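**Q** Let me give you the structure first, and then I'll get to my questions.
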Amino acid sequence: MSYKVNSIIQGNSQQVGINNNHFGNGILRGQYFLQTTSDTPGNILSIPVITSPETVIMCNVKIIGIKSDGTSATFGSSEAAAIYTSGSASSIGTLPIVVLTSTTLFVPTASWNVSADTLNFLVFGIAATTINWVCDFEYFTVSSSTG
563 MSYKVNSIIQ GNSQQVGINN NHFGNGILRG QYFLQTTSDT PGNILSIPVI
613 TSPETVIMCN VKIIGIKSDG TSATFGSSEA AAIYTSGSAS SIGTLPIVVL
663 TSTTLFVPTA SWNVSADTLN FLVFGIAATT INWVCDFEYF TVSSSTG
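Per my numbering, residue 563 is the first one in the sequence shown, and the count goes up by one each step.
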């Protein structure tokens, strides 16, 4: 079982940075929290890829996790991008392999995917182990429109 709690950088949720709406661009920063209790993937971050007009999104993620008993921890960072064109969203190039650095014998993992016009960042815990995760993210977009 997992659950997701959204949080602002200084409190609770997301913080909009710059958005001057030139070519539909904008920056969004924030943090998400997730607790995993198994090796089932937990979707810690989902960013819709804007479908009209055609839009590119790029996201940078920093992730940390700690076992609930405090004995092990992990961290990493990654970035990925997606584009909406010709009726669906897809990654720009091959989605990167996410490398997590962890304490000894602690091997949770993370990955990206694009599904249902959404760029997702997933964490995979460890069977019968509670891990508390924090994902710090920033993403920005640009569209094919000038409006």
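Glycine included, C-beta positions come from ideal geometry on N, C-alpha and C.
Remember, it's a predicted structure, so these values are computed and weren't measured experimentally.
Quick check on Ile-606: buried or exposed, where buried means 16 or more other Cβ atoms within 10 Å of its Cβ?
**A** Residue mapping note: residue 606 aligns to position 44 of the sequence shown, counting from 1. Buried.
**Q** Whose C-alpha, out of Ser-600, Leu-590, Gln-593, Phe-595, is nearest the C-alpha of Thr-692?
**A** Here the question's residue 692 lines up with position 130 in the sequence shown. Of the candidates Ser-600, Leu-590, Gln-593, Phe-595, the one whose C-alpha sits nearest the C-alpha of Thr-692 is Ser-600.
**Q** Roughly how many angstroms lie between the CA atoms of Pro-658 and Ala-672, to the nearest whole one?
**A** Taking the sequence shown and counting its residues from 1, one reaches residue 658 at position 96. Taking the sequence shown and counting its residues from 1, one reaches residue 672 at position 110. So the two alpha carbons sit approximately 10 Å from each other.
**Q** Looking at C-alpha atoms only, which residue of Lys-624, Ser-653, Ile-688 is the closest neighbour of Val-618?
**A** The count along the sequence shown starts at 1 and reaches residue 618 at position 56. Among Lys-624, Ser-653, Ile-688, the Cα nearest to that of Val-618 is on Ser-653.
**Q** Suppose the cutoff is 7 Å on Cβ atoms and the five residues either side in sequence are ignored; what does the same chain contact list for Met-620 look like?
**A** As a working mapping, residue 620 is identified with position 58 in the sequence shown. Result list for Met-620: Glu-641, Ala-643, Tyr-701, Phe-702, in chain order.
**Q** Pick out the complete beta strand (DSSP E) segments inside the region 586-650, 3 residues or longer, and give them in chain order.
**A** Correct list: 588-598, 603-610, 617-629, 635-647.
**Q** If you check the beta carbons only, do Ser-651 and Asp-631 fall under 8 Å apart?
**A** Taking the first residue of the sequence shown as position 1, residue 651 is located at position 89. Taking the first residue of the sequence shown as position 1, residue 631 is located at position 69. In the sequence as displayed, the identity of residue 651 is Ala instead of Ser. Contact: no.
**Q** How big is the Cα-Cα spacing for Pro-603 and Ser-707?
**A** Within the sequence shown, the letter at position 41 stands for residue 603. Within the sequence shown, the letter at position 145 stands for residue 707. Cα-Cα distance, rounded: 36 Å.
**Q** Helix, strand or coil for Thr-680, going by three-state DSSP, please let me know.
**A** One-based indexing of the sequence shown puts residue 680 at position 118. Looking at Thr-680 - three-state DSSP - the assignment turns out to be strand.
**Q** Can you name, in chain order, every residue of its own chain whose Cβ lies under 6 Å from the Cβ of Val-685, other than the five neighbours on each side?
**A** Position 123 of the sequence shown, counted from the first residue, corresponds to residue 685. Once the five neighbours on either side are set aside, the close Cβ partners of Val-685 are Gly-604, Ile-606, Ala-672, Trp-695.
**Q** Determine the extent of the beta strand (DSSP E) in which Phe-668 is found, giving its start and end residues.
**A** Indexing the sequence shown from 1 puts residue 668 at position 106. Phe-668 -> no beta strand (DSSP E), and no H or E assigned at all.
**Q** Among Thr-665, Thr-656, Val-611, whose alpha-carbon lies nearest the alpha-carbon of Gly-627?
**A** Position 65 of the sequence shown, counted from the first residue, corresponds to residue 627. Among Thr-665, Thr-656, Val-611, the Cα nearest to that of Gly-627 belongs to Thr-665.
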